[in-house]
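Data block below; observations after.
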Amino acid sequence: MTKPAWSPEQYLKFEDERTRPASDLLAAVPSEDVKFAVDLGCGPANSTELIVRRFPQAVVQGIDSSAEMIKDAKARLPACDFMTAGIDSWRPDRNADLLYANAVMQWLPDHGKLFPRLMGFLNTGGSLAIQMPDNLDEPTHAAMRDVARDEIWAARMAKADSSRSQVGSASFYFELLRSHGRRVDIWRTTYHHPLQGLDGIVEWFKGSGLRPYLSVLDAEERSLFLEKYKDILARSYQPLHDGIVLLPFPRLFIVATR
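Numbering follows the numbering used here, in which position 131 of the sequence shown is assigned residue number 131; successive positions increment by one, without gaps.
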């Protein structure tokens, strides 16, 4: 069975929608004197591009665990330094003024150790900026878990169900980071994305949340999984008169400044 790799093309089908929270996160970074910035989990560099525009004087690097994403990132921003690496084991070659992590930390465990570790890689006045989807309790993800319990493939789905970390509360992250810096700014925003019906929701999550489930299935099983998934989505998402479905998408933002 061939497991699908991360697909930059699938991810960027909704580039504008995925980039908006990245822009909102960057806008909250207080420092203007950024000389060295790293995009953690840079993906295809749509978020890295924002950093380059905001801080044109800075040296900007990007890391991602997906070789496919790094390949696209290098093509998009050839002047930047990109490398394949895991955030949990990565160390910078010098302290940074900005460590920026847009929609990646939800895939990593043990935030209680990881986030303070990253704070230690900042210069004084530097910021750790994080945005995480906070949607595991949304109908979109409840439906994924529901379909995954089907006896047809349940035995193969255990790892998929645990592939994402539960995002903690604002109080948890505030208490975690307050002793590592002089300022911690935390907020939660729910975006409402207009998508083309239930198929639009399916296409959105094929580029992210559905991937761990689909990766353990063959092509025929994937089609069946998505059919069952769409049937369950229909219980919670009603198309408007023109077929548009509004997808509520909550995200948690953290900017911790050392």
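Don't be surprised by glycine CBs; every beta carbon is placed ideally from N, CA and C.
Item                                                                                                                                          : Value
Starting from residue 188, follow the beta strand (DSSP E) in both directions and report where the run begins and ends.                       : 183-196
Determine the burial state of residue 111: buried for a count of at least 16 other Cβ atoms within 10 Å of its Cβ, exposed for fewer.         : buried
Taking 8 Å as the threshold (C-beta atoms), are residue 44 and residue 76 in contact?                                                         : yes
Please name the residue or residues paired with residue 147 in a DSSP beta bridge.                                                            : Paired residue(s): none; residue 147 is not in a bridge.
Helix or strand or just coil, what does DSSP make of residue 60?                                                                              : strand
My understanding is that residue 97 touches residue 35, with C-beta atoms under 8 Å, so please give their C-beta distance in whole angstroms. : 6 Å
So, with DSSP's three-state summary, where would you put residue 152?                                                                         : coil
If the criterion is Cβ atoms closer than 8 Å, does the pair residue 51 and residue 64 meet it?                                                : no
Just verifying my parser: in three-state terms, what is the DSSP assignment at residue 131?                                                   : strand
CA-CA distance, residue 152 and residue 106?                                                                                                  : 28 Å
Look at the Cβ atom of residue 232, then the Cβ atom of residue 143, and state whether they are nearer than 8 Å.                              : yes
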